[in-house]
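Chemist:
Residue numbers (the numbering used here), protein chains in the order written: chain A, 422 to 534; chain B, 422 to 534; chain C, 422 to 534.
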């Protein structure tokens, strides 16, 4: 069970970013699962810039379509998410653009009161 | 008009979850509309785990592609969103994984000051 | 470098909204880039309502599929995002439905401490 005070960690990468020949976002989700985080969702943007690039990437511009923005959303306690982000950055030997937000987790699962 | 202090309720389901033969996310959006919530957006993830499953679902893994993660985002006042979530959980006779966040609503619509 | 206390501005539009014959979401991202905001991501929903319409738009309903919900997410300091939103609303001569949230920016880029 998650405590009610959780956090949402959002990591911003590009679709073409790799780690050991694997898409970086896939590797991050597999690591998150292995470390028992509560949930992960990968969202792909239509268009964007930031993170690793100041170029606008868009599904409408052929030349750039190979690097659409990806957001990896992870939900758990703040402490577990901090540890996870440090672990990922250490493995990548690189910092990631990420945001952390406080969220209230509303699952009552297993709570029959 | 929405008051400036609103909330964002995010409900996490799977694409294949159903309620009365209808995709669960569709049913939730229709209920949100019927109850007059200010806004709803359904996002589909490329990959994820959590909510109802500890298995990683991914659009790249054939076998699992039928249950991609879905996030339903609802914006309104905290009170209306709390009432809405309770209503949905009662109808489903099941709890949902959801997060609630405080957001400032910036629409000035109809406000000519 | 972004300061650690940032904000996330989310602007809700429809996919068919235009500004000077260009999709509105594209125009907003190009303006955000021109004004040096830290990051932008455009997400398209499968289904939704709100913002400019009380009709539910869904990729499954042919008739309405031309106006799927679009969320434009912008990350920077609160002050820069406020200025940006005012600029956009002035150019459009119309208010937008938007939410602003406090986020902690976790990029350590260039910070070797």
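Ideal Cβ positions, reconstructed from N, Cα and C, are used throughout, including at glycine.
Since we're looking at a predicted model, the values are computed, not measured.
Starting from the C-beta of residue 441 of chain C, find all residues in its chain whose C-beta is less than 8 Å away, skip the five residues before and the five after it, and write them out in chain order.
Modeler: For this step, residue 441 of chain C is matched to residue 20 along the third chain. Hits under 8 Å: 448.
Chemist: Spell out whether any CB of chain B is found under 8 Å from the CB atom of residue 431 of chain A.
Modeler: Residue 431 of chain A sits at position 10 when you count from the first residue of the first chain. By this cut-off, residue 431 of chain A is not an interface position.
Chemist: Quick one, which of B:521, B:489, B:444 has its alpha-carbon nearest residue 462 of chain A's?
Modeler: What you label residue 462 of chain A is simply residue 41 of the first chain in a count that begins at 1. Ranking B:521, B:489, B:444 by Cα distance to residue 462 of chain A puts B:489 first.
Chemist: Just to confirm, is the Cβ distance from residue 496 of chain C to residue 520 of chain A under 8 Å?
Modeler: For the purposes of this step, residue 496 of chain C is identified with residue 75 of the third chain, where counting begins at 1. For the purposes of this step, residue 520 of chain A is identified with residue 99 of the first chain, where counting begins at 1. Contact flag set, yes.
Chemist: Answer yes or no: does any C-beta atom of chain A fall closer than 8 Å to that of residue 512 of chain C?
Modeler: Working through the third chain from its first residue, we reach residue 512 of chain C at position 91. So no, residue 512 of chain C is outside the interface.
Chemist: Please state the DSSP three-state secondary structure of residue 497 of chain A.
Modeler: Along the first chain, one-based indexing puts residue 497 of chain A at 76. Strand at residue 497 of chain A.
Chemist: Pick from C:526, C:527, C:517: whose alpha carbon is nearest that of residue 438 of chain C?
Modeler: Position 17 of the third chain, counted from the start, is the residue given in the question as residue 438 of chain C. Checked all of C:526, C:527, C:517; the closest Cα to residue 438 of chain C is C:517.
Chemist: So residue 495 of chain A contacts chain C; which residues on that side make the cut at Cβ distance below 8 Å?
Modeler: Residue 495 of chain A sits at position 74 when you count from the first residue of the first chain. Simply none; closest approach about 12 Å.
Chemist: Find the residues of chain C that neighbour residue 520 of chain A, judging by a C-beta separation of less than 8 Å, and give them in chain order.
Modeler: The residue labelled residue 520 of chain A in the question sits at position 99 within the first chain. 427, 429, 496, 524, 525, 526, 527, listed in chain order.
Chemist: Which parts of the region 422-456 of chain B are runs of the alpha helix (DSSP H), unbroken and 4 residues or longer, counting only runs that do not cross its ends?
Modeler: The qualifying runs are 445-455.
Chemist: From residue 515 of chain A to residue 509 of chain B, what does the alpha carbon distance come to, in whole angstroms?
Modeler: Walking along the first chain from the start, residue 515 of chain A turns up at place 94. Walking along the second chain from the start, residue 509 of chain B turns up at place 88. Cα to Cα, residue 515 of chain A sits roughly 43 Å from residue 509 of chain B.
Chemist: Near residue 458 of chain C, what residues of its chain come up, given a Cβ to Cβ distance below 7 Å and the 5 sequence neighbours on each side ignored?
Modeler: Here residue 458 of chain C refers to the residue found at position 37 of the third chain. 495, 497, 501, 505, listed in sequence order.
Chemist: Nearest-angstrom Cα distance between residue 425 of chain B and residue 452 of chain A?
Modeler: On the second chain, position 4 is the one that residue 425 of chain B refers to. On the first chain, position 31 is the one that residue 452 of chain A refers to. If you take the alpha carbons of residue 425 of chain B and residue 452 of chain A, they lie about 38 Å apart.
Chemist: Give me whichever residues DSSP pairs with residue 522 of chain B in a beta bridge.
Modeler: Here the question's residue 522 of chain B lines up with position 101 in the second chain. Partner(s): B:429.
Chemist: Which first and last residues belong to the beta strand (DSSP E) in which residue 461 of chain C is found?
Modeler: Position 40 of the third chain, counting from 1, holds the residue named residue 461 of chain C. Residues 460-465.
Chemist: Residue 484 of chain C CB to nearest chain A CB: under 8 Å?
Modeler: Residue mapping note: residue 484 of chain C aligns to position 63 of the third chain, counting from 1. Here the model assigns residue 484 of chain C a pLDDT of 47, short of 50, so the residue's position is not dependable, and the following value carries that caveat. Answer no: the Cβ-Cβ gap between residue 484 of chain C and chain A never drops below 8 Å.
Chemist: Can you list, in chain order, the residues of its chain with a C-beta nearer than 6 Å to that of residue 524 of chain C? Leave out the 5 residues immediately preceding and following it.
Modeler: Taking the first residue of the third chain as position 1, residue 524 of chain C is located at position 103. Here the set comprises 427, 429.
Chemist: Chain C beta carbons: is any one of them nearer than 8 Å to that of residue 460 of chain A?
Modeler: One-based indexing of the first chain puts residue 460 of chain A at position 39. So no, residue 460 of chain A is outside the interface.
Chemist: Determine the chain C residues that contact residue 490 of chain A at a beta-carbon separation under 7 Å, and present them in chain order.
Modeler: As a working mapping, residue 490 of chain A is identified with position 69 in the first chain. Ordered by position in chain C, the residues that pass the 7 Å Cβ test against residue 490 of chain A are 462.
Chemist: Whole angstroms is fine: what's the gap from residue 465 of chain A's alpha carbon to residue 471 of chain A's?
Modeler: For the purposes of this step, residue 465 of chain A is taken as the residue at position 44 of the first chain. For the purposes of this step, residue 471 of chain A is taken as the residue at position 50 of the first chain. Approximately 14 Å, taken between the alpha carbons.
Chemist: Give me the residue from A:455, A:443, A:456, A:468 with the minimum Cα distance to residue 454 of chain C.
Modeler: Within the third chain, residue 454 of chain C is the residue found at index 33, counting from 1. Nearest option by C-alpha distance: A:468.
Chemist: Could you check if residue 512 of chain C is buried or exposed, using at least 16 other CB atoms within 10 Å of its CB as the buried criterion?
Modeler: In the third chain, counting from the first residue as 1, residue 512 of chain C sits at position 91. Exposed.
Chemist: In chain A, which residues lie less than 8 Å from residue 506 of chain B when you measure between Cβ atoms?
Modeler: Position 85 of the second chain, counted from the first residue, corresponds to residue 506 of chain B. 527, listed in chain order.
Chemist: Residues in its own chain within less than 6 Å of residue 493 of chain C by CB, not counting five upstream and five downstream?
Modeler: Counted from its first residue, the third chain places residue 493 of chain C at position 72. Cβ within range, chain order: 432, 446, 449, 463.
Chemist: For residue 456 of chain C, collect the residues of the same chain with a Cβ closer than 7 Å to its Cβ; drop the 5 residues on either side in sequence, then sort them by chain order.
Modeler: Residue numbering aside, residue 456 of chain C sits at position 35 when the third chain is read from its first letter. The answer, listed in chain order, is 505.
Chemist: Have a look at residue 444 of chain B and residue 522 of chain A and give me their C-alpha separation to the nearest angstrom.
Modeler: The residue labelled residue 444 of chain B in the question sits at position 23 within the second chain. The residue labelled residue 522 of chain A in the question sits at position 101 within the first chain. Those two C-alpha atoms are separated by around 29 Å.
Chemist: Using the Cα positions of residue 503 of chain C and residue 460 of chain C, report the straight-line distance between them to the nearest angstrom.
Modeler: Taking the first residue of the third chain as position 1, residue 503 of chain C is located at position 82. Taking the first residue of the third chain as position 1, residue 460 of chain C is located at position 39. Each residue's Cα considered, the two are about 15 Å apart.
Chemist: Does DSSP classify residue 469 of chain C as helix, strand or coil?
Modeler: Taking the first residue of the third chain as 1, we reach residue 469 of chain C at position 48. Strand.
Chemist: Roughly how many angstroms lie between the CA atoms of residue 491 of chain A and residue 491 of chain C, to the nearest whole one?
Modeler: Position 70 of the first chain, counted from the first residue, corresponds to residue 491 of chain A. Position 70 of the third chain, counted from the first residue, corresponds to residue 491 of chain C. Each residue's alpha carbon lies about 16 Å from the other.
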